[in-house]
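Only one structure is covered here, and it is reproduced in the block below.
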Amino acid sequence: MTPMKRRTFLAGAGSVLIGLPFLEEMQRPKGHAQMGEPPVRAFNCSFGLGLFPDMQTSDFTGALEPLAPLASKLLVLQGVSYRLGNHQTNVSAPGGGVPNSHLETTCFTGTRVADDLNRAGGASLDQALRRDAYPDGLPAGMLGTVQTGLAYEIGHNARDIRSWNPDGSPASRFVHRADELFDQLFGSFIPDPGAGGLSPDELRACRRQRSVLDAVVAQYRHYTGERSNLGASSRQKLALHLERIREVEARIFAVACQEPEEPTRQCVVPDRPTEFVHSEGLEYQDVTVAELTRTWRLLADTFALGVQCDQFRFGSMVFLAQGARIRLSGSYDHGGRRIYDFDDVGDWDAIDGRENKTSHEYWHAYGMSGDRGDRVRAAARAHAHFMLGQCAYFAQALDDPEYPDANGRTIFENAMVTIATEAGSGNHNRSTADDVELANVFHAISPAGGKFRTGHLDLGRTDAVALYNTMLEAHRVGELLGDGRAGVEAIRV
Amino acid sequence: MRALDRAPLVLLLLGVAGCSGVIGDKDYTEPGVDGRTPPVPGEEFRCREDVAPPPPLVRRLTREEYVGAIRRLTGVGPTATALELLPADPATQTGFSNLATLLNVQDVHARAYRQVAFETVRALPDPDAFIASHAACRTGADCFEGYVESLGLDAFGSPLEAEERTAFMALLSDAEERGEGFEEAAMDALEVALQSPRFLYHFVPDLGDGDTRPLTALELAQRLAFLVTGEAADPVLRDAAIAGELETDREIAAAVDRLLTLPQAREASHRYVRDWLDLDALEELSRDEEHFPEWTPTLGPAMRAETLAFFDRLTWDEGASLARLFDAQFTIVTPELAAHYGMSEPDADGHVELGDDPTRGGLLTHGGVLALMGGAEASTVTRGLAFSALITCGAKIPEPPATVSTDQPPPSPGRSRRDYSEDRVRNPECTGCHSSFEPPIWGLIRYDATGRYSEVDEAGNFLPENGFVRFVDGTEHEYQTPMELGQVLAEADRVRECMVLNVTSYAIRRAIHRADGCSLQQIRDGFVDSDQTYRDLLVRIALSPVFRTVGTEPAEATEDDR
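Structural data, given as structure tokens:
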């Protein structure tokens, strides 16, 4: 594997200052990436609200332009429905009733909302694959799942979590800050003790830690095993705890105690960023293009670096969930040209004299007529372009040819990468079947090692769960999501 | 109220069919916080034998409980690592933060538990004394087994299971292989105990056939201790359980009374009140300088202290009825907070007698409660929703139809905040829900987002403060002033029921379920027949079937079974 270049990391950081380049080579555990077969991995990227049907072009123009560099490696899907996500269960079809906007947990799960935004209706796509591919847990030293991005931090899991356990609980916590993400991925790196190995004291300390860990794990195994005196729900809860213990402890032992049976790979990690822009949980609403871009890219680069270093194989990134309620300002350029000069406050002042509205409201007013409507639509399209551009940046970071897998393909080409939005059009004030937020939810997927075709497909009104299950079946996953429906064979090669 | 301070303002415009979650022919009733359909408000106390209880679930200790459990077992207070690494427990808009379904474990927890256990063992002030408190000897496997049995009983509240014993015993041979001995293994055992499932979780064996079973005496002791003190059972309670002295209603009530004398009990009651009203959010409450130039960072903590001191005075000092929370005509404040409210100077204890002041009285006029309920905008919608959820356990309010703008216009000359609220209550399309939750808090409309009282809003409009409260049973009570509002609430049966629902949910660590009706009825009726004190409520809960039994679940259940 080619060592990570510092400039790559800096490029993502934009103008953010990071520490001096004390590059440190680490002995890292890895799975079978050097055995010729790419590891099974899955990553999600989603952004707030959605794309109107007229934005979902088939030629990577307009709002889809940011995905153009990945055109030959993507399958762009129209017509995916989140109608099963509506917790109002008697809404039997798109447009049938008053849809509810709390669809975030349906994104990547395809299942209905379970409760008041703290749990999902079941496992997410990536976690279903993870559990099938690694039934005995991930290789030692590896994090289970990583989730990060820019989202409101208001205590509702649905606002930011996109990777869910089968019981609907979060597969991992959501990390809001770039420095915290860096620490999560690389903070437990302990310097190589050198050719001389561990000192007697270090060795004794390691053996003591192992002894303590074994005793702890033995108890969790008892309460989650066949002789447990607990019912299924309780056992599952403790089993998830045991997974977390194994992940954390394995990282420490694999590095600190130099377990000889672990294969290693070279990975160069830059210093921890010493200065950064963080989201503060996006408590603010007034934000600039530069601030959002800089913060997102630092998170995305760190995330991608973790993947490239095989620190984790499953996770999600979120850009502006909860309907993207921001007031954006500043110039937005893409591909060397000006896309839009954002001024949400000024735009809304001109549209209806209400300057306190956020970008979210463009989606509700998308059907407005006249000049004011034109202004709304122009702003909405620019916002969509900008948001999709962030997931495109993330996807391209995983498509870096300098970090090929053992089969010569990029991580993006080998892994199951899914880009989706939290809703369809966002226009949930309409009731026509094809233009409500439950329908036409934008999705794009990577080839996943040649399992999926590329290009564009309109799936009509295919429930997301069927799409996701088809993707899982292509990976020979036995335990599918939701009601188990699949059959979207058109996506497969 | 939780998180409402930062939530965007939402105008709820709902249909005329009443506010039952039904609009037109659609039923929009939402699943509860545990993903299961909750009882319809007003029918929680209906005794239904035909409804199976929800499956049991192990419950992780909250951060505070965990820190307290370590202190109780080892005498070591919270380490810096514990406070730094352990994240706050999740809060929800519709439930308490101690609910089992919400308390998950992420990598940060696993890392923190490991590190805290490691540090706690090394922070023991006298390891020898700790070992001696659990072991009479220091040689050999038998001696070590005695140590781990004693440690396990103290840490977990009941004897070790065979598999647990085996895991602990392996520590001695491991230590010997490293060239170490009993003392090192004993410390390792403590480190293990602090990370064990039965230390980090509150649970009892729940594998069965789906029916409920009575708790064993030791299990009941543990649950009682957590109810009253927020900690595991102490040796006195454990011994009583082992001696068969925790079986009758009289014995259980006596145990509650003894636990209430422990200092942890007051702290545990604070924990409930803080969780109920989300008071900890006041620690860092901020208000923008432009609109609230008088705001200071010390006011939020002072408001938090006010409500807790008020609760203390009524509950712990006076043994008053919980109804007095709503109409007691005094408060306890700092001089700064008194000045902020425009009150007279408090006495040395912070006490201010409110006498017949119609504008203050009861906790709903506390600045912190007002600030949290209405958010930075002092929204009548947000305050009303919080009032309905927390005080009257009103109808579940569905999401607003998406066709409606979610902007709330600010008051302007001639159009007051009250006018906008009355518009929504009168509008035939809105009144179904809005009449249930906005008029009750018109009595609080003169209080701004910092709890200051003014007869006019920011646009100079006069604000009437009369209104009415309509409970889920259809009864309606008018009031003219905040004081009268407090009196209405203090007398209302539904408010008493809501207290029962809230405290019971907190006590059993899960959302109220339709199967709980018989127990809730028993708790409510017993509570109503008592002096209605905090102690009375705890005793009634402790004696109820839902508290004294555990539901069971087969080892392998499908989602459909739940």
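Going line by line, the protein sequences match chains V and R.
When the letters of the first sequence are read in order and numbered with my numbering, they come out as residues -2 to 490.
When the letters of the second sequence are read in order and numbered with my numbering, they come out as residues 195 to 756.
Note that CB positions come from ideal geometry on N, CA and C, so glycine has one too.
> When Cβ atoms are compared, which residues of the region 231 to 243 of chain V fall closer than 8 Å to chain R?
Replying inline: S231, R232, K234, L235, L237, H238, R241 and I242
> Should P235 of chain R go down as buried or exposed, given a rule of 16 or more other Cβ atoms within 10 Å for buried?
Replying inline: buried
> Below 8 Å, can you find three or more Cβ-Cβ pairs linking the region 470 to 480 of chain R to the region 507 to 524 of chain R?
Replying inline: no
> Count the other CB atoms within 10 Å of the CB of H545 of chain R; is the residue buried (16 or more) or exposed (fewer)?
Replying inline: exposed
> How many Å lie between P401 of chain V and E410 of chain V at the Cα?
Replying inline: 10 Å
> Does DSSP put C42 of chain V in a helix, a strand or coil?
Replying inline: strand
> Rounded to whole angstroms, how far is the Cβ of L531 of chain R from the Cβ of L493 of chain R, which I believe are closer than 8 Å?
Replying inline: 6 Å
> T455 of chain R: buried (16+ other C-beta within 10 angstroms of its C-beta) or exposed?
Replying inline: exposed
>> I'd like to confirm the pairing. Which residues does DSSP put opposite S743 of chain R in its beta bridges?
In response: The displayed chain sequence assigns Thr, not Ser, to residue 743 of chain R. Answer by DSSP bridge pairing, in chain order: R:P408.
>> For the region 374 to 389 of chain R, list every residue whose C-beta sits within 7 Å of some C-beta in chain V, in sequence order.
In response: D382, E385, V386 and Q389
> Which first and last residues belong to the beta strand (DSSP E) in which E478 of chain R is found?
Replying inline: That residue, E478 of chain R, is in no beta strand (DSSP E); it is neither H nor E in DSSP.
>> Classify L277 of chain R: buried if its beta carbon has 16 or more other beta carbons within 10 angstroms, exposed otherwise.
In response: exposed
> Nearest chain R C-beta to E277 of chain V closer than 9 Å, yes or no?
Replying inline: Per-residue confidence for E277 of chain V stands at a pLDDT of 47, beneath the threshold of 50, marking its modelled position as unreliable; the derived number appears in the next sentence. E277 of chain V does not count as touching chain R.
>> Within 10 Å of its beta-carbon, does N41 of chain V have 16 or more other beta-carbons around it, so buried, or fewer, so exposed?
In response: buried
> Sorted by chain position, which residues of the same chain lie with C-beta nearer than 6 Å to A572 of chain R's C-beta, five sequence neighbours on each side aside?
Replying inline: D642 and A643
> Which residues share a DSSP beta bridge with Y647 of chain R?
Replying inline: R:Y641
> Which chain R residues are close to S166 of chain V, counting only those with a beta carbon under 7 Å from its beta carbon?
Replying inline: N298
>> Counting only C-beta atoms, is H382 of chain V closer than 9 Å to chain R at any point?
In response: no
> Are there 16 or more other CB atoms within 10 angstroms of the CB of Q674 of chain R, so buried, or fewer, so exposed?
Replying inline: exposed
> Hey, I325 of chain R and A380 of chain R: beta-carbon distance below 9 Å or not?
Replying inline: yes
>> Can you tell me whether T58 of chain V is buried or exposed? The criterion is at least 16 other CB atoms within 10 Å of its CB, across all chains shown.
In response: exposed
> Which of helix, strand or coil does DSSP assign to A236 of chain V?
Replying inline: helix
> In this structure, does DSSP put Q416 of chain R in helix, strand or coil?
Replying inline: helix
> Which partner residues of Q357 of chain V appear in the DSSP bridge assignment?
Replying inline: Looking at the sequence provided, one finds His at residue 357 of chain V rather than Gln. For H357 of chain V, which the question treats as bridged, DSSP gives no partner whatsoever.
>> Please give the ranges of any alpha helix (DSSP H) in the region 342 to 429 of chain R, keeping only runs that are unbroken, at least 4 residues long and fully inside the region.
In response: 356 to 371, 376 to 387, 391 to 394 and 411 to 423
> L453 of chain R and T423 of chain R look like a contact to me (Cβ under 8 Å); what is the Cβ gap, rounded to whole Å?
Replying inline: 5 Å
> Which residue from V:L296, V:A347, V:T418 and V:A376 puts its Cα closest to that of L385 of chain V?
Replying inline: V:T418
> When we look at the beta-carbon of R432 of chain R and count the other beta-carbons within 10 Å, is it buried (16 or more) or exposed?
Replying inline: buried
>> I need the boundaries of the alpha helix (DSSP H) containing V758 of chain R, first residue and last residue.
In response: Not covered by the structure: residue 758 of chain R. The range shown for chain R is 195 to 756.
> Three-state secondary structure (DSSP) at T576 of chain R?
Replying inline: helix
> What residues from chain V crowd round L174 of chain R, counting only those whose CB sits closer than 9 Å?
Replying inline: Because chain R is modelled from 195 through 756, residue 174 of chain R falls outside the range shown and cannot be assessed.
>> Under DSSP, the alpha helix (DSSP H) around M468 of chain V begins and ends at which residues?
In response: A461 to A471
>> Under 9 Å, Cβ to Cβ, is there at least one residue of chain V near F656 of chain R?
In response: no
> A701 of chain R: which of R:Y728, R:A323 and R:A565 sits nearest, CA to CA?
Replying inline: R:Y728
> Three or more C-beta pairs closer than 8 Å, one from the region 733 to 749 of chain R and one from the region 436 to 450 of chain R: is that the case here?
Replying inline: yes
> What residues in its chain sit with their C-beta under 6 Å from that of G351 of chain R, if we drop five residues either side in the sequence?
Replying inline: Q416, A426 and A427
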